[in-house]
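Residue numbers (numbering that gives the first Met the number 0), protein chains in the order written: chain A, 0 to 378; chain B, 0 to 284.
Please read the structure below before turning to the comments.
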Amino acid sequence: MALKMISGNQAAAIAVQRVGVDLVTAYPITPQTAIVEALADFAANGELGGDFVSVESEYAALACCNGAAATGARVFTATGSHGLAYMHEMIHWCSGARLPIVMVNVNRTIGAPWCLDPDQGDSLSQRDTGWLQLYCANGQEVFDSVIQAFILAEKLLLPCMVVFDGFYISHTYEVVDVADEEIVRKLVGPPAFAPQVIPGQPGNLHGLSTGETQLKLVKERHQAMSGVPLLFAQINAAFNEQLGRSYNIVEAMIPPGAKRAVVAVGATAETVRWALPALDHTGLIQLRLFRPFPAAEIREVVREKGLNELLVIDRNCSVGMGGIFAQELRSALYGMKSPPLVRSLILAGGVDLTENMLLDLLQSTGPEENFALRWGDEF
Amino acid sequence: MKKNIFQISPSFYDVMPAEYRELVENGPFEKKVGVSDLGAFKELSEEHPLCAGCGLALSLRLILASLPNPEDTIIVGSTGCSAIAFPQVAVQNIHSLFGNQNAIASGVKRALTLRFPDKIKDVVVIAGDGATVDIGLDMVMQSWFRQERITTIMLDNEAYANTGGQESGMSQEGAVLHMAPKGKTFPKVSLPELARASGCVYVAAVNPAKPKKLEKAIVRGVLAARELGPTYIQVFTPCPTNYKFKPNETIEKIKMRVKEGTYETTEFISAEAQELFARLEEGKK
């Protein structure tokens, strides 16, 4: 145990240092800047285990990661908001290239207008790029998820995004157990994936392919993602053994007899967790994973607990359709015998979730609520 | 690195394409070859898909023959005509996206330096004019500012040739091309000057009409990048398909342009590069 009072950003940076990486590429953007600043300090003090390069943009940061990872190097970068959007082309490319790159995305609204608050639309708009996406609810989850992300990514040869809310997590100081370097390095191990480029060998990487080839490769990536639940469980068993804590892909906290639950990710899940005692017969389902979407695990919780009502908190909005987690959840529940009512609260723009909002929402019920959206400004 | 580390698995030997077998067995590796030896080894398979008379294909062959250590070189390519020939090239290469080739190359170079601290690993970017001077200028110049030890080679056919002949920053002013039906309205970008001002320790503009000069520039560019900092080499590679001249006139076109002064061949050697080249010459004696 090594308890420290640190911010979410510091937790992410220390986790990267504990893992040990060959290259960090960095470009500053609020609210993630403190992560790459801390990593620059680690590198300057010789504690990173590798090289640190400040590049001219987020796009170049991920491109640089791509080149380094192709040689078999373990790499890391961090971004958020417009930085992530600017990377979009490379985000697809890294997944197609099967490079186990780990990137932290600190949620921040994408404009216009310019806004710093933690809407999740940045990471969620990268839904279809083939990256694993882990969502963290507090500083401890940030520290642990960054470590686990390297294991997941390198075992599955898929890039992994670790996501947490700007300010609510990135700038909030909490007590975090930052495990010792020795334990973390033992858990993660040295990078064991094969280099894709080898000097002296005739070979072309990622050159022109056919649609048929692409189909096979996409299928392979999709199948690789299906390995996440088992691997996640194994990783957490090892974590528990070494550090005495572990996580589930879907964390269900359902009081006895409760037939409804709030579904939340990230900092909102943490808020709900603390509010649970004040909520009447209501549980919490916290999702730690967005890609792959934990459909089977959610259905199991719903079936086992006999839930008939879910209230999804979406700190995002797919304009023209509604909350993104709500959509994914409805899709995951489709075909169940008497699926639960799915209600949706939209806190786009990263608006804070308050206990009053929850209490107010939980009072209104009825089938007409199934597709009705409630907006955060109605309270 | 010893070339014999890389051998086709005997059990796959019979199913590997003959062209690939040839590249493996008869590539330029460990042979210390140069442009005068072209034809005596295999740097690019004959079936490459570039057009007849392509100045780029010719230049690519010359560049591949000139690389001082092909067995320890990674080439980073970019979208464009050259990208469709790269799968047929003997030297290990990566297709980047369009414009980010120098950022990818920076990552490759830094990681190779970490992974092989005691060995020479050259990273050479070979991209077209659009990729280098238009969409990729930001990442090209930033890699120079950062003093990344990579060689940047532009294959300048003065157009977006792979998409059918649109104007690029490297087209001449007045050139009538697709998307410039009344002629290009601004002059050809002088990237050699920008390269020099951006910190490149060696800069050259060469062409395949003078293969020995081209070879010399490539060797110097790679050696200076290995020891000192970024280098830039611009190769004039006229495109018969989009500029509508006969495939057998490519070399004549180059000579004509050089003669009329519309395509300058230049060489800039920084003081430190000068010293390095003198030292290397001295070592040879």
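The beta-carbon is built from N, C-alpha and C at its ideal position, and this holds for glycine as well.
Fill in: Contacting positions in the stretch 57-71 of chain A - beta carbon closer than 9 Å to chain B
Y58, A59, A60, L61, A62, C63, C64, N65, G66, A67, A68, A69, T70 and G71
Fill in: Short CB-CB distance (under 7 Å) between G375 (chain A) and chain B
In the first sequence, the residue the question calls residue 375 (chain A) occupies position 376. For G375 (chain A), the answer is no, since every Cβ of chain B falls outside 7 Å of its Cβ.
Fill in: For Y19 (chain B), the nearest candidate out of A:Q200, A:Q139 and A:I312 (CA to CA)
Residue mapping note: residue 19 (chain B) aligns to position 20 of the second sequence, counting from 1. Comparing Cα positions, the closest option is A:Q200.
Worksheet entry | Range of the contiguous alpha helix (DSSP H) that encloses R126 (chain A) | Locating residue 126 (chain A) in the first sequence gives position 127, counting from the first residue. Premise fails: R126 (chain A) is in no alpha helix (DSSP H) and is neither H nor E.
Item to complete: Could you say which of A:L286, A:R298 and A:A371 lies nearest to G319 (chain A) if we only look at CA atoms?
Response: Taking the first sequence and counting its residues from 1, the one referred to as residue 319 (chain A) is at position 320. Of the listed residues, the one whose Cα sits closest to G319 (chain A) is A:A371.
Worksheet item: Quick one: what does DSSP say I7 (chain B) is sitting in, helix, strand or coil?
Response: On the second sequence, position 8 is the one that residue 7 (chain B) refers to. Looking at I7 (chain B) - three-state DSSP - the assignment turns out to be coil, as it is neither helix nor strand.
Worksheet item: Using a Cβ-Cβ distance under 7 Å, would H205 (chain A) count as near chain B?
Response: Locating residue 205 (chain A) in the first sequence gives position 206, where the first residue counts as 1. Chain B contact via Cβ: present.
Worksheet entry | Endpoints, the alpha helix (DSSP H) within which G138 (chain A) is located | The residue given as residue 138 (chain A) occupies position 139 in the first sequence. Note, G138 (chain A): alpha helix (DSSP H), G138 to L155.
Discussion item. Relative to the C-alpha of K181 (chain B), which candidate in B:A126, B:Q171, B:L190 and B:V188 has its C-alpha closest?
Written reply: As a working mapping, residue 181 (chain B) is identified with position 182 in the second sequence. Per the Cα distances, B:Q171.
Item to complete: Would you identify the three-state DSSP class for M255 (chain B), choosing helix, strand or coil?
Response: Residue numbering aside, residue 255 (chain B) sits at position 256 when the second sequence is read from its first letter. DSSP places M255 (chain B) in helix when its eight states are reduced to three.
Discussion item. Less than 7 Å between C-beta atoms, sequence neighbours within five positions excluded: which residues of the same chain meet that for K1 (chain B)?
Written reply: As a first step, residue 1 (chain B) must be located in the second sequence, where it is residue number 2. Low local confidence applies: a pLDDT of 47 at K1 (chain B) is under 50, so the model's placement there is unreliable, and no value is given.
Worksheet item: For R373 (chain A), which residues from the same chain have a beta carbon less than 8 Å from its beta carbon, with the 5 sequence-adjacent residues on both sides left out?
Response: Here residue 373 (chain A) refers to the residue found at position 374 of the first sequence. Within the same chain, R373 (chain A) has close Cβ partners R342, S343, L344, I345 and L360.
Discussion item. Quick check on V107 (chain B) - is its C-beta less than 7 Å from some C-beta in chain A?
Written reply: Stepping through the second sequence from its first residue, residue 107 (chain B) is reached at position 108. Judged by the 7 Å Cβ criterion, V107 (chain B) is in contact with chain A.
Fill in: Residue from A:L286, A:N203 and A:L275 whose Cα sits closest to the Cα of V75 (chain B)
By 1-based counting over the second sequence, the position of residue 75 (chain B) is 76. Per the Cα distances, A:N203.
Worksheet item: Three-state secondary structure (DSSP) at E280 (chain B)?
Response: Indexing the second sequence from 1 puts residue 280 (chain B) at position 281. Note: E280 (chain B) maps to helix in three-state DSSP.
Worksheet item: In chain A, what lies closer than 7 Å to I149 (chain B) by C-beta?
Response: Walking along the second sequence from the start, residue 149 (chain B) turns up at place 150. Residues of chain A passing the Cβ test: none, with the nearest at roughly 10 Å.
Item to complete: Using a Cβ cut-off of 7 Å (strictly closer), state whether E211 (chain A) contacts chain B.
Response: For the purposes of this step, residue 211 (chain A) is identified with residue 212 of the first sequence, where counting begins at 1. Chain B contact via Cβ: absent.
Fill in: Closest Cα partner of V234 (chain B) within the set B:A39, B:A223, B:I73 and B:I217
Locating residue 234 (chain B) in the second sequence gives position 235, where the first residue counts as 1. Cα-wise, what sits closest to V234 (chain B) is B:I217.
Worksheet entry | Cut-off 6 Å between Cβ atoms - residues of its own chain near Q296 (chain A), not counting five sequence neighbours on either side | Your numbering for residue 296 (chain A) matches position 297 in the first sequence. Note that residue 296 (chain A) is Glu in the sequence shown here, rather than Gln. Closer than 6 Å at Cβ, skipping near neighbours: I248 and V249.
Item to complete: Run down chain B in chain order and give the residues with a C-beta less than 8 Å from the C-beta of Q132 (chain A).
Response: The count along the first sequence starts at 1 and reaches residue 132 (chain A) at position 133. Residues of chain B passing the Cβ test: none, with the nearest at roughly 22 Å.
Discussion item. Does C388 (chain A) come out as helix, strand or coil in the three-state DSSP assignment?
Written reply: The first residue shown for chain A is 0 and the last is 378, placing residue 388 (chain A) beyond what the model contains.
Worksheet entry | Neighbourhood of C316 (chain A) by C-beta, 7 Å cutoff - its chain only, sequence neighbours within 5 removed | Within the first sequence, numbered from 1, the residue matching residue 316 (chain A) stands at position 317. Same-chain partners within the cutoff: G322, I345 and A347.
Item to complete: Answer yes or no: do L275 (chain B) and E226 (chain B) have a C-beta to C-beta separation smaller than 7 Å?
Response: Here residue 275 (chain B) is taken as the residue at index 276 of the second sequence, counted from 1. Here residue 226 (chain B) is taken as the residue at index 227 of the second sequence, counted from 1. Going by C-beta atoms, L275 (chain B) is nearer than 7 Å to E226 (chain B).
Worksheet item: At which residue ranges does the stretch 206-264 of chain B contain complete alpha helix (DSSP H) runs of 4 or more residues, listed in the order of the chain?
Response: 210-226, 239-242 and 249-258
Worksheet entry | Best match in B:L190, B:E280 and B:Y231 for proximity to G168 (chain B) [C-alpha to C-alpha] | One-based indexing of the second sequence puts residue 168 (chain B) at position 169. Checked all of B:L190, B:E280 and B:Y231; the closest Cα to G168 (chain B) is B:L190.
Practice prompt. Classify F292 (chain A) as helix, strand or coil using the three-state DSSP reduction.
Written response: Looking up residue 292 (chain A) in the first sequence gives position 293. The answer is coil: DSSP assigns F292 (chain A) none of H, G, I, E or B.
Fill in: Spatial distance of Y262 (chain B) from G129 (chain A) (CA atoms)
Residue mapping note: residue 262 (chain B) aligns to position 263 of the second sequence, counting from 1. Residue mapping note: residue 129 (chain A) aligns to position 130 of the first sequence, counting from 1. Going from the Cα of Y262 (chain B) to the Cα of G129 (chain A) covers about 46 Å.
Worksheet item: Quick one: Cα of M140 (chain B) to Cα of A194 (chain B), how far?
Response: Here residue 140 (chain B) is taken as the residue at index 141 of the second sequence, counted from 1. Here residue 194 (chain B) is taken as the residue at index 195 of the second sequence, counted from 1. Approximately 7 Å between the Cα atoms of the pair.
Discussion item. Counting only Cβ pairs nearer than 9 Å, list the residues of chain B close to P254 (chain A).
Written reply: As a position in the first sequence, residue 254 (chain A) is number 255, starting the count at 1. Those within 9 Å of P254 (chain A) in chain B number zero; the least Cβ separation is about 50 Å.
Worksheet item: If we ignore side chains and look at the alpha-carbon of each, how far apart do C63 (chain A) and E377 (chain A) end up?
Response: Against the first sequence, residue 63 (chain A) aligns to sequence position 64. Against the first sequence, residue 377 (chain A) aligns to sequence position 378. C-alpha separation (whole angstroms): 45 Å.
Fill in: Listed by chain order, chain B residues near M102 (chain A) by CB distance under 7 Å
Mapped onto the first sequence, residue 102 (chain A) falls at position 103. None at all; the shortest Cβ gap to chain B is about 14 Å.
Item to complete: Hey, could you find the ends of the beta strand (DSSP E) I5 (chain A) is sitting in?
Response: As a first step, residue 5 (chain A) is located in the first sequence; it is residue number 6 there, counting from the start. Unbroken beta strand (DSSP E) run through I5 (chain A): L2 to S6.
Fill in: Euclidean distance between Cα positions of H177 (chain B) and D13 (chain B)
Within the second sequence, numbered from 1, the residue matching residue 177 (chain B) stands at position 178. Within the second sequence, numbered from 1, the residue matching residue 13 (chain B) stands at position 14. If I take the Cα positions, the gap works out to 46 Å.
Worksheet item: Taking three-plus beta-carbon pairs below 8 Å as touching, is the stretch 227-236 of chain A in contact with the stretch 50-67 of chain A?
Response: no
Discussion item. For G66 (chain A), report the span of its alpha helix (DSSP H) as first-last.
Written reply: Numbered from its first residue, the first sequence carries residue 66 (chain A) at position 67. Segment E57 to A69, the alpha helix (DSSP H) holding G66 (chain A).
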